[in-house]
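J.:
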Amino acid sequence: MLVKIKVSSNGQTLSIDAAPADTVVALKEKIAEASSVPAAQQRLIYSGKVLQDSQSLESYHVEEGHMIHMRP
């Protein structure tokens, strides 16, 4: 599924291919490849919640086309 990542520092929107079973840390690694922000410096926010690295995307009910906000 493609999820959209809104980068707060520059307003850029990234489209990242991720599986629902992917962990948040796996998504952060994919974001790091597509941006200049290392995974360890990313904070992902979805539906008002800070996403925890060990949790899966499906545990947060992230679906195709949904927007996740990233703050370095």
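Reading the sequence shown from the start, the letters are residues 1 to 72 in UniProt numbering.
Cβ atoms here follow ideal geometry from the backbone N, Cα and C, with glycine treated the same way.
Being a predicted model, the structure only gives us computed values, none of them experimental.
Rank Val3, Arg43, Ala40, Gln55 by C-alpha distance to the C-alpha of Asp17 and give the top, closest one.
T.: The residue with the shortest Cα to Cα distance from Asp17 is Val3.
J.: Please classify Gln12: is it buried, with 16 or more other beta-carbons within 10 angstroms of its beta-carbon, or exposed?
T.: By the 10 Å Cβ count, Gln12 comes out exposed.
J.: Using three-state DSSP, classify Val24 as helix, strand or coil.
T.: In the structure shown, Val24 sits in a helix (DSSP, three-state: H, G or I).
J.: Looking only at C-alpha atoms, which of Met67, Tyr60, Ile5 sits nearest to Glu29?
T.: The shortest C-alpha separation from Glu29 is found at Ile5.
J.: At which residues does the beta strand (DSSP E) containing residue 93 begin and terminate?
T.: No answer is possible for residue 93: the residues shown for the chain start at 1 and end at 72.
J.: Consult DSSP for Ser59 and reduce its assignment to one of helix, strand or coil.
T.: It is helical.
J.: What residue does the beta strand (DSSP E) around Asp17 start on, and which one ends it?
T.: Start and end: 13 to 17.
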